[in-house]
Amino acid sequence: MTDVVVVGAGHNGLVAACYLAGAGFDVTVVERDTVIGGAVSTVERWPGVRVDRGSSIHVMVRHTDLVEDLRLAEFGLEYDDVEPWAVLPHPDGGLRFSADIDETCTSIEAACGPADAAAYRSFVADWGPATKAFLEAGSRPPSAANLGRAAWSLGRRYPGSRADMIRTYMRPAEAVIADRFTDPRLRAMIGWWAAQSGPPPHALGTAPIAGTTAMFHEAKAGRPRGGSGRLSEALAARLTAAGGTIRTGDGAASIRAARDGCEVTTISGEVLCCRAVVSACHVVETARLVGDSEAAAAVRIGHGIGMAVRFLTDALPSYSVPISGAHTSMQMLVHSPEQLRAAYGDFLRGEPAADPPMIVMTPTATDPTLAPSGQHTVTVWAQWHPRQLRDGDWDGRRDEVADGIVTAVDRWAPGFGQTVIDRFVQTPLDLERELGLLGGNIMHVETELDAMFSLRPLPGWAGYRAPYPGVYLCGASTHPGGGVWGASGRNAAAVVIRDLTRRRRR
Ligand SMILES: Cc1cc2nc3c(=O)[nH]c(=O)nc-3n(C[C@H](O)[C@H](O)[C@H](O)COP(=O)(O)OP(=O)(O)OC[C@H]3O[C@@H](n4cnc5c(N)ncnc54)[C@H](O)[C@@H]3O)c2cc1C
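Just remember that the working numbering sits 1 ahead of the position in the sequence shown, which is counted from 1.
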């Protein structure tokens, strides 16, 4: 008998486990994979070459005190700042986005003129409070009181009327971007950032995601030295130091929930008895584990966002338009707002984007621990790519689509294709197979209004409680959603600690 079994050693499950163990509970984490960290993990893909399996850039977690609170530096976590945070090596003139707003505006003014530079400054100033409120709301359970508090603090700082505020937040990113900026490069760049959680910038309710551009001017984005997975490895070390246990390669096969305690049966047939279960895997998997096919069917998973290609190369991409610090940053390869719409149009037709917008990341440029000298890793993230294709399937089309991505990068950085030694392709199907990201959705569940806050993942399953006694949830499927953040793991742990402590007192 243990106090808590955590199902899934993704970073959120590990965060929850760390806080539970820190509060004095016996915690066992069961992970299906042989690697810990889920989509925050780094593996040796080629001899001596460490490559991220999912995320690379940590943004939201750096807006929390989680790393300091859990003293993860003592367990080997060290961040390199991503500065500049983004560049756009556009053939009509490049843009460089630094954490320093003045430097960013100087770059925008040189390329797009003073009006767009001033507009960017006021965009960041206007959306800063909303982004802060969004991040604060993410760091608490999505109760009516907590959401009310976030809305109140936002309303207090909003210069217009309440109705105007609500309208602004409900608008499509594309509309608020077009209202502010004239230059298509700047419009494309912010629209492409806004598309990172999946929905296209023309979708209702995406304006605040465009507004999260302001985050980069508040705290620097980071990349753990040694790869994204160093965060999960540090969490695991922190957990075991606090007495917790992690078992890999033997996931949960079922969860039996009861008022007097729960049972987790593992794939190998072992039965773990516990007072509570925190299911940190995809909510559809959790529903399957408790035998709730109705809930599993009700979740709107979506059907893919994008795909990644991890290249092993003998050189960094050399852009036609060089920008200082480009290889440290997210290299945003997008020409125009129309390209974003066209790529989404292809996706709706069941086709991989013919001309995908891309983000290129080159971690070996700044982190020599990742590959032997003379070798580089280049990650290309491209959108949108549907999980189900109209013609054929991903096993049959993987190489053709990856070849198209090489050609697309070549247009920005001529000769890139000739530097490639090998590649590892992650289509939506591969993300599902390797990381359990159903539908290839890197955020688990669609990040849209019907699955946000107290509706995430489903009515009745929100607030980190499944509708089964003793069964709790965390992870990207729950509030505040996906990305490297750890907030849901921490929030869920607080809920479980409160419930178990109350029961202990009774
Ligand atoms: C290619 C890619 C690039 C990305 N880039 C970024 C980025 O740069 N920045 C960013 O912020 N975000 C990025 N993301 C998104 C982010 O990585 C994820 O949203 C986030 O890591 C989800 O974390 P999680 O802990 O909630 O869930 P997961 O990482 O999905 O972890 C769930 C865990 O549960 C395990 N599991 C599943 N079923 C069972 C079972 N039955 N028993 C036991 N264990 C089980 C899984 O194996 C997994 O380890 C990216 C994702 C991908 C895939």
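Think of the CB as a built atom: it goes at the ideal place given N, C-alpha and C, for glycine as much as any other residue.
Values in this document were obtained by computation on a predicted structure and should not be read as measured data.
Opposing strand residues paired with residue i [DSSP bridges]
i: GLU45; result: ARG51
i: VAL285; result: VAL285 is not bridged to any residue.
i: GLY305; result: According to DSSP, GLY305 bridges with nothing at all.
i: ILE256; result: VAL265
i: GLN1; result: This structure gives no information on residue 1, because the portion of the chain shown stretches from 2 to 507.
i: LEU96; result: LEU89
i: PRO225; result: TYR80
i: TRP382; result: ALA309 and ILE360
i: CYS275; result: THR3 and CYS263
i: SER280; result: VAL8 and LEU474
i: GLN332; result: VAL88 and VAL361
i: VAL28; result: VAL5
i: ILE247; result: VAL30
i: GLY487; result: Per DSSP, none; premise fails for GLY487.
i: THR132; result: Answer is none; THR132 lacks a bridge partner.
i: THR314; result: HIS377 and VAL421
i: GLY38; result: GLY11
i: HIS59; result: GLY223
Buried or exposed (CB count within 10 angstroms, at least 16 for buried), residue i
i: ARG51; result: buried
i: GLY490; result: buried
i: LEU439; result: buried
i: GLU286; result: buried
i: ASP423; result: exposed
i: GLU447; result: buried
i: GLU175; result: buried
i: LEU349; result: exposed
i: MET190; result: buried
i: GLU502; result: Checking the sequence, you will find Thr at residue 502 rather than Glu. Exposed.
i: ASP53; result: buried
i: ALA146; result: exposed
i: SER42; result: buried
i: TRP153; result: exposed
i: GLU433; result: buried
i: GLN197; result: buried
i: ALA74; result: exposed
Close-in-space but distant-in-sequence residues of the same chain around residue i (CB under 7 Å, 5 per side omitted)
i: TRP193; result: MET333, VAL335, LEU341 and PRO358
i: HIS283; result: GLY437, LEU439, HIS445 and SER478
i: GLY23; result: ALA243
i: ALA403; result: VAL310, ARG424 and VAL426
i: TRP47; result: LEU313 and ASP423
Rounded Cβ spacing between residue i and residue j (contact assumed at less than 8 Å)
i: TRP385; j: ALA354; result: 6 Å
i: MET331; j: ILE306; result: Going by Cβ atoms, the distance from MET331 to ILE306 rounds to 16 Å, so no, they are not a contact pair.
i: ALA215; j: PRO481; result: Contact doesn't hold; Cβ gap of about 17 Å is too wide.
i: GLY77; j: ARG231; result: 7 Å
i: ILE178; j: ARG168; result: Not quite, the Cβ-Cβ distance comes to about 16 Å (not below 8 Å), so this is no contact.
Top-ranked residue by Cα proximity to residue i, from the options
i: ASP400; options: LEU456, MET308, ARG466 and ASP293; result: MET308
i: TYR121; options: VAL83, GLY228, ASP184 and HIS64; result: ASP184
i: ALA494; options: ALA277, CYS263 and ALA204; result: ALA277
i: CYS19; options: MET331, GLY351, VAL68 and ALA259; result: VAL68
i: VAL472; options: ARG350, PRO160 and VAL279; result: VAL279
i: PRO369; options: ASP81, GLY418 and ALA208; result: ASP81
i: SER123; options: ASP103, ALA138 and PRO142; result: ASP103
i: SER319; options: LEU232, ALA237, GLY418 and PRO201; result: GLY418
i: HIS304; options: GLY416, ASP180, GLY441 and GLU32; result: GLY441
i: ALA10; options: ALA146, ILE247, GLU110 and GLY351; result: ILE247
i: ARG158; options: PHE135, LEU450 and ALA131; result: ALA131
i: GLY228; options: ALA40, SER154, VAL426 and ALA24; result: ALA40
i: VAL497; options: MET2, LEU21, ASN13 and LEU15; result: LEU21
i: LEU317; options: SER374, HIS203, THR65 and THR378; result: THR378
i: SER233; options: VAL16, PRO90 and THR107; result: VAL16
i: LEU456; options: VAL30, PRO142, ASP392 and THR107; result: PRO142
i: THR365; options: SER57, ASP404 and GLY25; result: SER57
i: PHE26; options: ASP4, GLY212, VAL44 and GLY326; result: ASP4
i: ILE324; options: VAL6, PHE76 and PRO90; result: PRO90
i: GLU435; options: VAL30, THR29 and GLY38; result: GLY38
i: SER321; options: ALA220, GLY416 and GLN376; result: GLY416
i: ALA288; options: TYR469, ASP66 and GLY397; result: TYR469
Near ligand 2: residue i beta-carbon under 7 Å from a heavy atom
i: PRO373; result: Among the ligands modelled here, namely ligand 1, ligand 2 does not occur.
Other residues of its chain near residue i: CB distance less than 6 Å, five sequence neighbours each side excluded
i: VAL421; result: PHE312 and THR314
i: THR207; result: PRO173, ALA174, ALA195 and PRO200
i: VAL62; result: VAL485, TRP486 and GLY487
i: ALA109; result: For the sequence presented, residue 109 should be read as Ile rather than Ala. Excluding residues within five positions, the ones whose Cβ falls inside 6 Å are ASP117, ALA118 and TYR121.
i: PRO373; result: GLY49
i: MET166; result: TYR159
i: THR428; result: MET308, TRP395 and ARG399
i: ASP411; result: PHE417 and GLY418
i: GLY161; result: none
8 Å Cβ shell around residue i - same chain, five flanking residues per side excluded
i: HIS59; result: TYR80, ALA222, GLY223, ARG224, PRO225, SER229, LEU232 and VAL485
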